[in-house]
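Residue numbers (the UniProt record's numbering): 1 to 369.
Think of the CB as a built atom: it goes at the ideal place given N, C-alpha and C, for glycine as much as any other residue.
Report on the structure given below.
Written out as structure tokens, the structure reads:
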């Protein structure tokens, strides 16, 4: 019989490396669970490392192990839980659990408070709208999961930046400007582009400018010439006819210029983040969050159109216990020609006043505007 110490374990959770965004001065709990075979002379032991350095039990880290025996006395499930107190920025990093030749990692990152990955500024022309809404937005949001804020107003005005522009840029990690022919055709863009660029560099770190291949025929345009001279502070990308292919160099360069993607998902405890179109999540009859379980899509995008939805971080305390489904009651047959009654009376939905819900989405009143 083969020595059980030579039997390789299998990892149950997590199934893949995790990226978490816990708040400073909070405590996180990281759990690694393995299916193991063992003998008395070779008990399994899980090791924890932070940034490659071995950890032990002390004031910042509390490591607990629990073993459950299986049907076979020589097999079972081993769970190792690490609790970490995040008292300073130095406490963030990559935590790795290892058991023999298996490992899994949890990367703890500090949130930067930004709501969007990129702010896209473009001209309100048919060509620009098609390029942004049918090429840029689907590729970045749907394929790569970036969160975008779209704006068809100039971010390089020949004046001081507006309060709206300053607020929008402060909510985004990067700025993308579509330098189309319509954009470059503006009079101020030819004569005052330098002043607008200096103001923009004060508001955004290394903005991204997208130019088009046909514009290379006019290399003397002041804006293009100025951007080429300052490649060390801006990112200049060229769109070619072949760039539409997802594997083209354009998308690789754009993703390198964008910040590293941090994944978020909506919090189950806050149904307001589940708003989809004009459906009120409070009135959803069969929503998964009402039963403490996911619906058909375990991680839906609460905001596929790139609007103002704010997603909570992946990290959260242990989920609430799952509720057992409510047993179905025997249906009541109609008597005396009456039809079967609905479980929930929805006859007054049309007369309900939803005005009070606007405070979830508005920060000012009409009088302030």
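Cβ neighbour criterion (16 or more within 10 Å) applied to residue 196: By the neighbour-count rule (16 or more Cβ atoms within 10 Å), residue 196 is buried.
Euclidean distance between Cα positions of residue 179 and residue 243: Near 16 Å, if we compare the C-alpha coordinates of residue 243 and residue 179.
6 Å CB neighbourhood of residue 14 in its chain, flanking five on each side removed: So the qualifying residues of the chain are 104.
Separation of residue 23 from residue 183, as counted between CA atoms: Cα to Cα, residue 183 sits roughly 41 Å from residue 23.
Straight-line gap, residue 53 to residue 64 (C-alpha atoms, nearest Å): Using only the alpha carbons, I get a separation of about 18 Å.
Contact the region 104-117 vs the region 163-180: 3+ CB pairs below 8 Å: Three or more pairs of CB atoms, one per stretch, sit closer than 8 Å, so the region 104-117 contacts the region 163-180.
Closest Cα partner of residue 93 within the set 49, 120, 129: The option with the nearest alpha carbon to residue 93 is 49.
Residue 100 beta carbon less than 9 Å from that of residue 121: Residue 121 places its beta carbon 9 Å or farther from that of residue 100.
Inter-stretch contact at 8 Å, needing at least 3 Cβ pairs: the region 5-20 / the region 29-40: Yes: the two stretches touch, three or more of their Cβ pairs being nearer than 8 Å.
Reduced DSSP secondary structure (H/G/I, E/B, other) of residue 38: Residue state, collapsed to three classes: coil.
Residue range of the unbroken alpha helix (DSSP H) whose run includes residue 223: Counting along the chain, the unbroken alpha helix (DSSP H) around residue 223 starts and ends at 222-229.
Which of helix, strand or coil DSSP assigns to residue 77: The three-state reading of DSSP puts residue 77 in strand, counting E and B together.
Assigned exposure category for residue 160 - 16 Cβ within 10 Å defines buried: Its Cβ having fewer than 16 others within 10 Å, residue 160 is exposed.
C-beta atoms of residue 47 and residue 107 nearer than 9 Å: No. Outside cutoff.
Cβ-Cβ distance between residue 226 and residue 250 below 9 Å: Contact flag unset, no.
Residue 152 - DSSP class collapsed to helix/strand/coil: In the three-state DSSP reduction, residue 152 falls in the coil class, being neither helix nor strand.
Candidates 61, 224, 76, of which the one nearest residue 67 by Cα: Taking only the C-alpha atoms, the option nearest residue 67 is 76.
Per DSSP, cross-strand counterpart(s) of residue 166: Paired residue(s): none; residue 166 is not in a bridge.
Helix, strand or coil at residue 196 [DSSP, three-state]: It is helical.
Reduced DSSP secondary structure (H/G/I, E/B, other) of residue 160: Three-state result, residue 160: coil.
Buried or exposed (CB count within 10 angstroms, at least 16 for buried), residue 235: Residue 235 should be labelled buried.
Residues bridged to residue 209 [DSSP beta-bridge criterion]: By DSSP's assignment, residue 209 forms a beta bridge with 177, 236.
Residue 248, DSSP secondary structure in three states: Of the three classes helix, strand and coil, the one that applies to residue 248 here is coil, per DSSP.
Local Cβ density within 10 Å of residue 39, reported as buried at 16 or more and exposed below that: Residue 39 is classed as exposed because its beta carbon has fewer than 16 other beta carbons within 10 Å across all chains shown.
Close beta carbons around residue 199, own chain, < 7 Å, minus the five adjacent residues each side: Excluding positions up to five away in sequence, the list reads 161.
Delimiting residues of the beta strand (DSSP E) encompassing residue 50: Counting along the chain, residue 50 sits inside the beta strand (DSSP E) bounded by residues 47-50.
Exposure of residue 130, with buried meaning 16 or more beta-carbon neighbours within 10 Å: Exposed is the call here.
Proximal residues to residue 111 (C-beta, below 6 Å), its chain only, five neighbours per side dropped: Cβ within range, chain order: 21.
Delimiting residues of the beta strand (DSSP E) encompassing residue 65: For residue 65, the uninterrupted beta strand (DSSP E) run begins and ends at 61-69, by DSSP.
Inter-residue CB distance, residue 188 and residue 212 (contact presumed, cutoff 8 Å): About 20 Å separates the Cβ atoms of residue 188 and residue 212, ruling out a contact at the 8 Å cut-off.
Classification of residue 208 by the beta-carbon crowding that lies within 10 angstroms, buried from 16 upward: Buried, by the Cβ-count rule.
Length of the line joining the Cα atoms of residue 126 and residue 232: Spanning the two alpha carbons is a distance of roughly 32 Å.
CA nearest to the CA of residue 45, picked from 19, 26, 74, 79: Nearest option by C-alpha distance: 79.
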